[in-house]
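J.: Following the numbering used here, the numbering of the sequence shown begins with 190 at its first residue and continues without gaps.
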Amino acid sequence: MKNRVGRTPFRSRIAFRFRALLLPALFLTIFLCALLSEGSALPLPYPIPPPAEDPPPAVKRPATTTATTPAASGTATTSQSAPAATTNTTTKPAATTASSAQQPAATTTTTKPAAATAATSASSSVPAATTTASSASTSASSQTAPRLLNPQPLRDISGNLVAMNGNYGGGSVLLPAAYTPKQNEFRGIWVATAFNLDFAKHATTAEFKKTFRSLVTRIADMGFNTIMFQVRPSCDAIYESSINPWSRWLTGEEGKALDGGFDPLAFMIAESHRRGLKLYAWMNPYRVGQVSTSAASTYLKTLSSGNFARRNPGMVVRWDNRKTDTSFFFLDPGRAEVVAHIVNSVREVLERYRPDGVVFDDYFYPIGVDDACDAATFRKFGRKAQTHADWRRANTELMVRSVSGTVRAFNKLNGTAIPFGISPVGIWANRSEAFPDGSPSKGVEAYSQSFADVRKWVKNSWIDFVIPQINWGFSNKIAPFAGIVNWWADLVRGTNVKLYVGIGVYNAGVTAGMESPSEISNQILYLVLRREVSGTAFFAARHCLKPENNAQRTSLRTIFGSYWRTTTPSK
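1. Is Asp521 helix, strand or coil when you go by DSSP?
2. Give me the residue from Val694, Ile713, Leu714 and Phe640 with the minimum Cα distance to Asn739.
3. Looking only at C-alpha atoms, which of Val506, Trp471 and Met472 sits nearest to Tyr488?
4. Among Ala598, Ala618, Gly449 and Ala730, whose alpha-carbon lies nearest the alpha-carbon of Ser637?
5. Thinking C-alpha only, which one of Ala729, Arg746 and Gly724 is nearest Gln372?
6. Please report the straight-line C-alpha distance between Ser591 and Val532, rounded to a whole angstrom.
7. Find the nearest neighbour of Phe727 within the set Arg719, Leu718 and Ile709, judged by alpha-carbon distance.
8. For my contact list, Pro555 and Phe517 are in at a C-beta cut-off of 8 Å; report their separation, rounded to the angstrom.
9. Would you check if there are 3 or more beta carbon pairs closer than 8 Å linking the region 386-406 to the region 727-737?
10. Judging by CA-CA distance, which residue of Lys648, Phe663 and Ile652 is the nearest neighbour of Ser612?
11. For the beta strand (DSSP E) that Leu404 lies in, which residues bound it at each end?
12. Take Ala598 and list the residues in its own chain whose beta-carbon comes closer than 8 Å to its own, dropping the five residues that flank it on each side.
13. State yes or no: is the C-beta of Val633 nearer than 8 Å to some heavy atom of the ligand NAD?
14. Taking the CB atoms as reference points, tell me whether Leu688 and Pro657 lie closer together than 9 Å.
15. Alpha carbon to alpha carbon, how far is Pro422 from Asn349?
16. Are the beta-carbon atoms of Ala671 and Asn354 separated by less than 9 Å?
17. Lys648 and Thr684 - do their beta-carbons sit closer together than 9 Å?
18. Counting C-beta neighbours from all protein chains within 10 Å, is the total for Tyr752 16 or more, i.e. buried, or is it exposed?
19. Taking the alpha-carbon of Pro625 as reference, which of Asp410, Pro342 and Tyr357 has the nearest alpha-carbon?
20. Could you check the C-alpha separation between Val699 and Pro629 for me, to the nearest Å?
21. Would you mind reading off the limits of the beta strand (DSSP E) that contains Ala726?
22. Do you know offhand how far Glu650's Cα is from Val686's?
23. Can you check DSSP and say which residues form a bridge with Tyr469?
24. Note down, in chain order, each residue of its chain lying with its Cβ closer than 7 Å to the Cβ of Ser430, except the 5 sequence neighbours on either side.
25. Within its chain, find whatever has a CB closer than 7 Å to the CB of Leu587; leave out the 5 residues flanking it on each side and keep chain order.
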């Protein structure tokens with residue numbers, strides 16, 4: 190009885206305290222519900238980022254594309270990119286062709302645009318200053334639209350609102366009313382030396398110096414702050430090297446240097462810095478060559494005796510694309526000796542030159558490569574639990590991680606901060622049941638067709654920057670520019686990887702969906718709305734220096750003469 194009497198007051202006190210807390214909580218709940226019902230709560234500016242875990246590597250997926258490969262040697266390319274259409278061709282075209290068929294039915298006529306596009310011009314020189322009309326759309330939850338930028342809806346050349354995600358829907362595209370530069374904005378330009386696409390071969394040192402000084406002056410005047418110069422186009426070197434021969438694209442003959450002991454890369458870095466530009470060493474890790482199949486049997490013999498590929502023919506893979514009568518030669522990614530050679534090539538450039546950055550493009554396994562060409566290496570080195578595709582992805586991953594580790598070790602030892610990055614095809618993987626985290630697209634994939642799991646590389650911060658080649662227009666139904674930009678922006682959020690968007694200037698006015706004279710300038714406007722985007726990289730130099738059509742001229746005039754003249758971000 191004593192115990193019961195002693196417990197009763199305690200229970201009473203607890204009940205009183207509970208009632209005292211319950212009533213304020215109830216009133217607070219009612220107040221919040223009323224507030225939310227009136228729309229006072231602000232929506233999240235971005236969708237929740239995708240999960241970090243990797244997709245199941247062994248999933249067997251039905252083919253969504255029919256892969257073909259770059260044209261024969263007469264129209265050879267410097268890089269492979271993901272076409273919006275269901276057939277794969279090159280994204281970086283040869284000097285003699287305006288574009289490859291990356292998108293559905295290319296249209297070469299320039300139609301007068303709706304209110305969203307700028308006025309046209311007939312000027313054939315490097316674009317001068319002008320102004321542009323802003324474009325227009327309805328809001329979409331996946332697009333950031335800062336209130337101060339007064340975003341407007343974008344319409345295509347027929348006056349229709351442009352869908353954010355093409356055939357996948359997702360609302361309409363918005364563009365800000367004005368361009369606003371970002372702090373430390375990266376403004377890069379690709380200069381391709383393979384097949385002398387952007388930079389000619391030279392007979393003398395004096396000619397080389399004159400050409401490069403003219404080039405760097407014009408690039409600086411246009412407003413770029415970074416040159417990505419191709420210094421290792423095909424298992425060779427446009428720099429003094431002890432392990433790679435002088436490139437045939439330098440003088441016309443592999444193994445032959447310019448006169449007077451001249452070192453091109455040392456000179457180019459110094460000249461770029463003198464003009465306030467950075468110079469990134471653009472290196473192709475695997476590529477050896479690309480020739481017509483009729484000449485393939487003797488191709489390796491045309492290489493310099495010091496070329497790694499000629500000294501190690503058993504470590505070179507040959508793949509014949511019968512559809513284009515083209516043979517591709519590339520170093521076997523499955524060989525440890527190949528990885529070591531690539532790492533040593535990068536280390537040599539770092540130690541001798543200390544460039545402002547190192548970048549690889551999308552040349553890993555050639556798009557469309559069959560299983561037969563490297564089957565022997567797979568049988569010898571592949572694990573029993575691995576599929577052929579998984580093994581290939583593991584090979585490219587090992588190479589990228591090895592190079593990344595080498596660059597970071599060099600930086601730590603020397604107190605430098607040289608970044609290393611990748612410029613992959615614009616589509617990591619198409620959205621599907623197997624890949625729900627893929628982009629709203631249906632085109633050539635980095636994951637399944639060049640065997641580069643770039644999403645994994647970004648998530649693990651194995652690279653410092655990524656430049657996806659988003660070479661298509663806003664109105665492309667199966668590779669929409671805005672939807673794919675949003676996918677990459679969501680990917681890099683929360684990582685230490687910077688996102689620079691690859692801009693396909695060469696497609697403007699050439700391929701379907703990019704007929705508008707404001708297409709490229711509107712793309713630059715759109716990127717203002719995505720805070721994760723830290724800059725752009727224009728392909729290629731020749732199209733910026735000498736635009737091929739009115740769409741290119743008009744957009745570039747707006748960008749160089751207006752947007753980039755507003756404020757020059759810190760370099």
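Yeah, the Cβ is synthetic: ideal placement off N, Cα and C, and Gly gets one too.
Nothing here was measured: the structure is a model prediction, and the numbers come from that model.
T.: Checking against the coordinates, here is how it stands:
1. To locate residue 521, count along the sequence shown from 1; it is residue 332. DSSP places Asp521 in coil when its eight states are reduced to three.
2. As a first step, residue 739 must be located in the sequence shown, where it is residue number 550. The shortest Cα separation from Asn739 among Val694, Ile713, Leu714 and Phe640 belongs to Val694.
3. Taking the first residue of the sequence shown as 1, we reach residue 488 at position 299. Ranking Val506, Trp471 and Met472 by Cα distance to Tyr488 puts Val506 first.
4. The count along the sequence shown starts at 1 and reaches residue 637 at position 448. The residue with the shortest Cα to Cα distance from Ser637 is Ala618.
5. The sequence position of residue 372 within the sequence shown is 183, counting from 1. Among Ala729, Arg746 and Gly724, the Cα nearest to that of Gln372 belongs to Gly724.
6. Counting from one through the sequence shown, the residue named residue 591 turns up at place 402. Counting from one through the sequence shown, the residue named residue 532 turns up at place 343. Between Ser591 and Val532, the C-alpha separation is close to 7 Å.
7. The residue you call residue 727 lines up with position 538 of the sequence shown. Comparing Cα-Cα distances from Phe727 to each of Arg719, Leu718 and Ile709, the minimum goes to Ile709.
8. For the purposes of this step, residue 555 is taken as the residue at position 366 of the sequence shown. For the purposes of this step, residue 517 is taken as the residue at position 328 of the sequence shown. Right, the Cβ-Cβ distance comes to about 5 Å (below 8 Å), so this counts as a contact.
9. yes
10. In the sequence shown, the residue the question calls residue 612 occupies position 423. Taking only the C-alpha atoms, the option nearest Ser612 is Ile652.
11. Taking the sequence shown and counting its residues from 1, the one referred to as residue 404 is at position 215. Counting along the chain, Leu404 falls outside any beta strand (DSSP E), though it belongs to the alpha helix (DSSP H) covering Thr394 to Met411.
12. Working through the sequence shown from its first residue, we reach residue 598 at position 409. Within the same chain, Ala598 has no close Cβ partners at all.
13. Because no ligand of any kind appears in the structure shown, any question about the ligand NAD cannot be addressed here.
14. Mapped onto the sequence shown, residue 688 falls at position 499. Mapped onto the sequence shown, residue 657 falls at position 468. Yes; because the gap between Cβ atoms is below 9 Å, this pair is in contact.
15. Numbered from its first residue, the sequence shown carries residue 422 at position 233. Numbered from its first residue, the sequence shown carries residue 349 at position 160. Between Pro422 and Asn349, the C-alpha separation is close to 43 Å.
16. Residue 671 sits at position 482 when you count from the first residue of the sequence shown. Residue 354 sits at position 165 when you count from the first residue of the sequence shown. In this structure, Asn354 lies closer than 9 Å to Ala671 by Cβ.
17. On the sequence shown, position 495 is the one that residue 684 refers to. On the sequence shown, position 459 is the one that residue 648 refers to. Taking 9 Å as the Cβ cut-off, Thr684 and Lys648 qualify as a contacting pair.
18. Reading the sequence shown from its first residue, position 563 is the one you call residue 752. Buried is the call here.
19. Position 436 of the sequence shown, counted from the start, is the residue given in the question as residue 625. When only C-alpha atoms are compared, the closest one is Tyr357.
20. Working through the sequence shown from its first residue, we reach residue 699 at position 510. Working through the sequence shown from its first residue, we reach residue 629 at position 440. Those two C-alpha atoms are separated by around 23 Å.
21. Position 537 of the sequence shown, counted from the first residue, corresponds to residue 726. From DSSP, the beta strand (DSSP E) with Ala726 extends over Val722 to Phe728.
22. Indexing the sequence shown from 1 puts residue 650 at position 461. Indexing the sequence shown from 1 puts residue 686 at position 497. Contrary to the premise, residue 650 reads as Ser rather than Glu in this sequence. Their Cα atoms are separated by approximately 6 Å.
23. On the sequence shown, residue 469 is found 280 positions in, with the first residue counted as 1. Answer is Met417 and Gly546.
24. The sequence position of residue 430 within the sequence shown is 241, counting from 1. Only Glu537 meet the Cβ criterion.
25. Counting from 1 along the sequence shown, the entry for residue 587 is found at position 398. If we look at Leu587 and ignore the five residues flanking it on each side, its Cβ neighbours are Val528.
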